[in-house]
Amino acid sequence: MSHPAYAVVRRLLDGCRTWMKSSGAYLNTVLGPPTYADATTVAKSFATAVPERMVWGSDWPHRGEKHMPDDARLLDLLAEWVPDEHARTQVLVDNPATLYGFN
């Protein structure tokens with residue numbers, strides 16, 4: 019990841035005081051559906067490096083979008099971004115519980 023913002027975000031995440039919500043592939047893509055390959059590259063990189071600092075959201079109801087994204091496809095993307103089942107459980111269950119105090 020060569021963009022200067024990537025290094026800044028990584029430093030923040032590595033400091034364990036910042037959380038990242040991984041979502042909105044349809045908002046951050048040049049290549050678009052169905053693969054959102056450019057957004058997928060970035061999301062996978064963060065998910066591999068710091069799954070313990072990530073949460074995920076669908077961003078439903080996608081207000082203001084001319085072309086509504088396929089919510090099922092967005093959920094499928096999560097499995098591509100976070101292929102490890104343990105890490106996916108962190109992102110979907112453990113991390114939100116910690117972040118929002120659900121425990």
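Using the numbering used here, the first residue of the sequence shown is number 19, and each one after it goes up by one. For each residue, glycine too, the CB sits at the ideal point set by N, CA and C. Please read all numbers here as calculations on a predicted model, not as lab measurements.
inquiry  = Could you give the first and the last residue of the continuous alpha helix (DSSP H) run that contains V73?
reply    = Element bounds for V73: not the alpha helix (DSSP H) but the beta strand (DSSP E), M72 to W74.
query = Counting pairs of Cβ atoms below 8 angstroms between the region 67-75 and the region 102-115, do you hit three or more?
reply = yes
query = So is the beta-carbon of L49 under 7 angstroms away from any non-hydrogen atom of the ligand FAD?
reply = With respect to the ligand FAD, the structure shown offers nothing to examine, as it has no ligands at all.
ask   = By how many angstroms is the C-alpha of A61 removed from the C-alpha of Y44?
value = 12 angstroms
Residue ranges of each alpha helix (DSSP H) within the region 25-106, 4 or longer = 55-67 and 89-99
ask   = Who are the Cβ neighbours of K39 in its own chain at under 8 angstroms, not counting the five residues just before and after it?
value = M72, V73, W74 and G75
ask   = Quick one: is P87 buried, meaning 16 or more other Cβ sit within 10 Å of its Cβ, or exposed?
value = buried
query = If you drop the 5 nearest sequence neighbours on each side, which residues of the same chain put their C-beta closer than 6 angstroms to that of A49?
reply = For the record, residue 49 in the displayed sequence is Leu; it is not Ala. Correct list, in chain order: A55 and D56.
key: R91 beta carbon less than 8 angstroms from that of P52   = yes
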